[in-house]
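*Asks:* Once you've had a glance at the structure underneath, I'll fire off some questions.
There are 2 protein chains.
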Amino acid sequence: MKKIDGTIASPKGFVADGLHCGLKRKKKDIGWLYSEKQASVAGVFTTNQVKAAPVIVTKEKIQQQKLQAIIINSGNANACTGQQGFADAKEMCQLAAKALAISADDVAVASTGIIGQALPMVQVKAGIELLQAKQDKEPQAFQEAILTTDTCQKVSVYRETFNQFEVIMAGCAKGSGMIHPNMATMLGFVTTDANISSSLLQELLSELTEITFNQITIDGDTSTNDMVLVLANGLSGMPEIQKDTLEYVKFKQLLAQVLTDLAKSIAKDGEGATKLIETIVTGAKNSQDARMLAKSVVGSSLVKSAIFGQDPNWGRILCALGYSGVAFDPEKVQIYLAETLVFKNGQPTLFDAAKLSEALATDEVKIQVILAQGEAVGQAWGCDLTYDYVKINALYHT
Amino acid sequence: MKKIDGTIASPKGFVADGLHCGLKRKKKDIGWLYSEKQASVAGVFTTNQVKAAPVIVTKEKIQQQKLQAIIINSGNANACTGQQGFADAKEMCQLAAKALAISADDVAVASTGIIGQALPMVQVKAGIELLQAKQDKEPQAFQEAILTTDTCQKVSVYRETFNQFEVIMAGCAKGSGMIHPNMATMLGFVTTDANISSSLLQELLSELTEITFNQITIDGDTSTNDMVLVLANGLSGMPEIQKDTLEYVKFKQLLAQVLTDLAKSIAKDGEGATKLIETIVTGAKNSQDARMLAKSVVGSSLVKSAIFGQDPNWGRILCALGYSGVAFDPEKVQIYLAETLVFKNGQPTLFDAAKLSEALATDEVKIQVILAQGEAVGQAWGCDLTYDYVKINALYHT
């Protein structure tokens, strides 16, 4: 597996493009991503009971296990928009399908942005017409068009060989952004020219989402619009991947890597964040316990504030482990902060706090927790809690 | 039931006092609260798996269903202090018992402050000697000695008559304060001269804690030292309260009121807070659902930031309801913010955002959520998320 420079359209047969149609003031706000031929598809969707129209429409679309295109917009989430919202989401698919001369059944839709306001369909229609007319395809424009308050594009591309076949997998995502009056949305799209069935792809995506996207937290809030879609069009020419073969294992590692990269880049670009916090729990009874413990640490406002302040605050880490809901013996926990052992035998160690505080002046902080209960490992990622988080989320007025 | 001016020592036969012994730099840091005679006792304790020594010692003490005194200190939480911590907590009880000439079995202990450092027993001993020698009893000094970063004393006192007997119930608490390198601690003490058995008192405290203290959230973190103790010495002269009588109902209302007052005052004085946020959910299937929904709203960092910024952000409220884990139909939810209907029929109403923003410029903001599932009601309290929260918790360095 080799990380390469590339875009969401790097795998064979994929095209991506984006532009500005007027949903946002100036930035790109509409785009599409499609494959030359129908692709296998898998998706995971928000567990929030309040689901935006595009989420419900797309969830239904992928039931048929084939997809060819995704039309996206930012600037308006098409959430809490009633029956009109559903009609608009479906019409977006139809318009994109017509422009691409494919079936509307094969087009999914994703939206992010303001909620509770009707999607301005005049702009959306004009945007799709412009996309159709546009000659130069710019995959980076798609990667940009999905963003809201993200400070950078989030892209991850790898190359891997399966026997003599070269396969590329690419992912792009948007993270935690809010536009009044709403909430963070997480969108992720993965493309590959590998050859795999939709059912196997879905199995892998569901399993890997648990240890990647579901292990990041910015502020604990789960949005109405969250969605991750994977398309595999098979154009690498490789034979179809069968379960529990060497190819299957390779493919799983590849997908895990792309999803992990995207998850970490979302955590790192959390609103107002200055640092990525990575927590690794080892020696747990099972991996679910390990993940719950790790997520409790990166989700603690007190830990997040301490890391922002470069405060080697082992007490808050221990406390977050303690209320995680997972049973463990505090006397047998070891905690490493930025590679320094800070807690052991039920008590803090005699670490050099000033020196450790200096070591926290970095943009990635690692917390390692070692239990003595078993062999299981779990990871989670988050970011620090800063003045800017409060500023971004408090000072946007109606 | 009548709210009166008073202190934790207002009920008949209670004495409370406090002073400075050197655990903190200048402020009062040691105190005791005792009854002329043994009292019935009930307690609730942190559910964090990492429990401080005083929590474990006191939990054991109240098993015998009688208590006469509580010795407290702030400035040091005696948590993560190993075997020495247990020995110190027990010695504190013994020293106080000796000074009061009562049995050490009848003395509980509570501590709050820095964790992971041995309790400075020289200061504690001197403090208890000074308490013993002190002539003027100052209940407010006790109320002050339990505080850490709290900005005010939290006290609630009521008078009620049971037939011809006048009963007083008083409570004091400390809220969410952090002293490096640790975490919030919540302490609550309630005294009354009512006559009730320990077992009935425990039943009531456990039940009422669920709808009061367990329904407040500052930042979601649960500390190692949280504790609420209730003492009832019966010195009002009333006959013992029997279950399911009129007196029982009256007593329950009284206790509910005092616990609610204390819980709300803790939420309102959350670190850096400028506003109390109260959420009331009505029309839920059962009261547990109602409480979970209400708590999800007051616990959302996005809602908390929006309230700080006076942003009438109904979307974040709806979103927090959506991920609460409680099933409901978003189409049938009504949300009132500061008495204005902002969401109905799956869509926002046409409210005047500028006017509503002005209405949020107050120190208590009410959010009402109406479901259409049943009759159950639940409440929760929290505070806004401000720059000062981040400042207090980030910028205290080792």
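Chains as they are written, first to last, in our numbering: chain G, 76 to 473; chain V, 76 to 473. We put the CB at the ideal spot given by N, CA and C, even for glycine. Note that the structure is a prediction, hence the values are computed from the model and not measured.
1) Under 8 Å Cβ-Cβ, which residues of chain V neighbour residue 296(G)?
2) Compute the beta-carbon to beta-carbon distance between residue 344(V) and residue 225(V), rounded to the nearest angstrom, for a pair I have assumed lies under 8 Å.
3) Between the C-alpha atoms of residue 250(V) and residue 378(V), what's the straight-line distance to the nearest angstrom?
4) What is the DSSP secondary structure of residue 258(V), counted as helix, strand or coil?
5) So the candidates are 182(G), 332(G), 172(G) and 126(G); which of them puts its Cα closest to the Cα of residue 160(G)?
6) Using a beta-carbon distance below 9 Å, is residue 232(G) in contact with chain V?
7) Does any CB atom of chain V fall closer than 9 Å to the CB of residue 186(G)?
8) Note down the Cα distance separating residue 109(V) from residue 91(V), rounded to an integer number of angstroms.
9) List the whole-angstrom C-beta distance separating residue 316(G) from residue 352(G), where the pair is believed to meet the contact cut-off of C-beta under 8 Å.
10) Comparing alpha-carbon positions, which option in 342(G), 361(G) and 283(G) lies nearest residue 327(G)?
11) Flag this pair as yes or no: are the beta carbons of residue 265(V) and residue 334(V) separated by less than 9 Å?
12) Of the residues that make up the segment 397-421 of chain V, which ones have a beta carbon closer than 8 Å to any beta carbon in chain G?
13) Residue 109(V) touches chain G at which residues, Cβ-Cβ below 7 Å?
14) Using the C-alpha atoms, what's the distance from residue 434(V) back to residue 190(G)?
15) Around the C-beta of residue 350(V), are 16 or more other C-beta atoms found within 10 angstroms, so that it is buried, or is it exposed?
16) Buried or exposed: where does residue 235(V) fall if 16 or more other Cβ atoms within 10 Å of its Cβ makes it buried?
17) Can you give, in chain order, each stretch of the alpha helix (DSSP H) that sits fully within the segment 178-252 of chain V and has at least 4 residues?
18) What are the start and end residues of the alpha helix (DSSP H) that includes residue 282(V)?
19) Given residue 241(G), which residues of its chain have a CB within under 7 Å of its CB, disregarding the five upstream and five downstream residues?
20) Taking Cβ-Cβ distances shorter than 8 Å, what residues in chain V pair up with residue 458(G)?
21) If the criterion is Cβ atoms closer than 9 Å, does the pair residue 445(V) and residue 398(V) meet it?
22) List, in chain order, every chain G residue whose beta-carbon is nearer than 7 Å to that of residue 380(V).
23) Would you say residue 123(G) lies against chain V (beta-carbon separation less than 9 Å)?
24) Which runs of the alpha helix (DSSP H), 4 residues or longer, sit entirely within the segment 360-442 of chain V?
25) Taking DSSP's pairing of strands, which residues face residue 454(V) in a bridge?
26) Buried or exposed: where does residue 43(V) fall if 16 or more other Cβ atoms within 10 Å of its Cβ makes it buried?
27) Which residues in the same chain as residue 84(G) place their Cβ atom closer than 8 Å to its Cβ, once the five residues preceding and following it in sequence are excluded?
28) Candidates 138(G), 172(G) and 105(G): which alpha carbon is nearest residue 151(G)'s?
29) Out of 429(V), 393(V), 413(V) and 414(V), which has the shortest C-alpha to C-alpha gap to residue 407(V)?
30) Starting from residue 92(V), follow its DSSP beta bridges and name the residues at the other end.
31) What residues from the segment 266-289 of chain V come within 8 Å of chain G, judged by C-beta to C-beta, listed N to C?
32) Measuring CA to CA, which of 178(G), 181(G) and 305(G) is closest to residue 271(G)?
33) Can you tell me where the beta strand (DSSP E) with residue 167(G) in it begins and where it stops?
34) Whole angstroms are fine: how far does the CA of residue 458(G) sit from the CA of residue 88(V)?
35) What residues from chain G crowd round residue 105(V), counting only those whose CB sits closer than 8 Å?
36) Check each candidate in 273(V), 376(V), 229(V) and 321(V) and name the one with the smallest Cα separation from residue 261(V).
*Replies:* So, to answer that:
1) Start at 1 with the first residue of the first sequence, and residue 296(G) comes out as number 221. Within 8 Å Cβ-Cβ: 375, 376, 377, 391, 394, 395 and 398.
2) Residue 344(V) sits at position 269 when you count from the first residue of the second sequence. Residue 225(V) sits at position 150 when you count from the first residue of the second sequence. Confirmed, about 6 Å.
3) Position 175 of the second sequence, counting from 1, holds the residue named residue 250(V). Position 303 of the second sequence, counting from 1, holds the residue named residue 378(V). If I take the Cα positions, the gap works out to 21 Å.
4) The residue given as residue 258(V) occupies position 183 in the second sequence. Because residue 258(V) carries a pLDDT of 46, less than 50, the predicted location of this residue cannot be relied on, and no value is offered for it.
5) For this step, residue 160(G) is matched to residue 85 along the first sequence. Nearest Cα to residue 160(G) within the set 182(G), 332(G), 172(G) and 126(G): 126(G).
6) Sequence index remark: in the first sequence, residue 232(G) carries index 157 (1-based). Chain V, which has no Cβ nearer than 9 Å to the Cβ of residue 232(G), makes this no.
7) In the first sequence, residue 186(G) corresponds to position 111, counting from 1. Under the Cβ criterion of 9 Å, residue 186(G) is not counted among the residues facing chain V.
8) Residue 109(V) sits at position 34 when you count from the first residue of the second sequence. Residue 91(V) sits at position 16 when you count from the first residue of the second sequence. Using only the alpha carbons, I get a separation of about 6 Å.
9) As a first step, residue 316(G) must be located in the first sequence, where it is residue number 241. As a first step, residue 352(G) must be located in the first sequence, where it is residue number 277. Contact check for residue 316(G) and residue 352(G): beta-carbon distance about 35 Å, past the 8 Å limit, so the pair fails to qualify.
10) Mapped onto the first sequence, residue 327(G) falls at position 252. If we check each option's Cα against that of residue 327(G), 283(G) comes out closest.
11) Here the question's residue 265(V) lines up with position 190 in the second sequence. Here the question's residue 334(V) lines up with position 259 in the second sequence. For residue 265(V) and residue 334(V), yes; Cβs fall inside 9 Å.
12) Within the segment 397-421 of chain V, those residues whose Cβ lies closer than 8 Å to any Cβ of chain G are, in chain order, 397, 398, 402, 403, 405, 418, 420 and 421.
13) Translated into positions along the second sequence, residue 109(V) becomes position 34. Neighbours of residue 109(V) on chain G: none; closest Cβ ~31 Å, over 7 Å.
14) Within the first sequence, numbered from 1, the residue matching residue 190(G) stands at position 115. Within the second sequence, numbered from 1, the residue matching residue 434(V) stands at position 359. Spanning the two alpha carbons is a distance of roughly 22 Å.
15) As a position in the second sequence, residue 350(V) is number 275, starting the count at 1. Residue environment analysis places residue 350(V) among the buried positions, since at least 16 neighbouring C-beta atoms fall within 10 angstroms of its C-beta.
16) Looking up residue 235(V) in the second sequence gives position 160. Classification for residue 235(V): buried.
17) The segment 178-252 of chain V contains, as complete alpha helix (DSSP H) runs of 4+ residues, the segments 196-208 and 214-220 (chain order).
18) Position 207 of the second sequence, counted from the start, is the residue given in the question as residue 282(V). Where residue 282(V) is concerned, the enclosing alpha helix (DSSP H) stretches over 273-286.
19) What you label residue 241(G) is simply residue 166 of the first sequence in a count that begins at 1. Listed in chain order, the non-local C-beta contacts of residue 241(G) below 7 Å within the same chain comprise 234 and 311, local neighbours out to five positions each way being set aside.
20) Here residue 458(G) corresponds to residue number 383 of the first sequence, with the count starting at 1. Correct list: empty, because the minimum Cβ distance to chain V is about 12 Å.
21) Counted from its first residue, the second sequence places residue 445(V) at position 370. Counted from its first residue, the second sequence places residue 398(V) at position 323. Taking 9 Å as the cut-off, the Cβ atoms of residue 445(V) and residue 398(V) do not count as close.
22) Taking the second sequence and counting its residues from 1, the one referred to as residue 380(V) is at position 305. In chain order, 465, 468 and 469 make up the part of chain G whose C-beta sits under 7 Å from the C-beta of residue 380(V).
23) Start at 1 with the first residue of the first sequence, and residue 123(G) comes out as number 48. Taking Cβ atoms only, chain V reaches closer than 9 Å to residue 123(G), which makes this a yes.
24) Whole alpha helix (DSSP H) segments, 4+ residues: 362-374, 376-383, 389-397 and 428-434.
25) For the purposes of this step, residue 454(V) is taken as the residue at position 379 of the second sequence. Residue 454(V) is bridged to 355(V).
26) This structure leaves residue 43(V) out entirely; chain V is present only between 76 and 473.
27) Locating residue 84(G) in the first sequence gives position 9, counting from the first residue. Non-local C-beta neighbours of residue 84(G) in its own chain, meaning closer than 8 Å and more than five positions away in sequence, comprise 90, 91, 108, 212, 214, 217, 245 and 266, ordered along the chain.
28) The residue labelled residue 151(G) in the question sits at position 76 within the first sequence. For residue 151(G), the closest of 138(G), 172(G) and 105(G) by C-alpha to C-alpha distance is 105(G).
29) Within the second sequence, residue 407(V) is the residue found at index 332, counting from 1. Comparing alpha-carbon positions, the option among 429(V), 393(V), 413(V) and 414(V) lying closest to residue 407(V) turns out to be 393(V).
30) Taking the first residue of the second sequence as position 1, residue 92(V) is located at position 17. Answer by DSSP bridge pairing, in chain order: 107(V).
31) Flagged: no residues at all.
32) Within the first sequence, residue 271(G) is the residue found at index 196, counting from 1. Checking every option, the nearest Cα to that of residue 271(G) belongs to 305(G).
33) Counting from 1 along the first sequence, the entry for residue 167(G) is found at position 92. Premise fails: residue 167(G) lies in the alpha helix (DSSP H), 157-175, not in any beta strand (DSSP E).
34) Taking the first residue of the second sequence as 1, we reach residue 88(V) at position 13. Taking the first residue of the first sequence as 1, we reach residue 458(G) at position 383. About 52 Å.
35) Along the second sequence, read from residue 1 onward, the residue named residue 105(V) stands at position 30. The contacting residues do not exist; residue 105(V) stays about 22 Å from chain G at best.
36) Taking the second sequence and counting its residues from 1, the one referred to as residue 261(V) is at position 186. Here the closest residue by C-alpha is 229(V).
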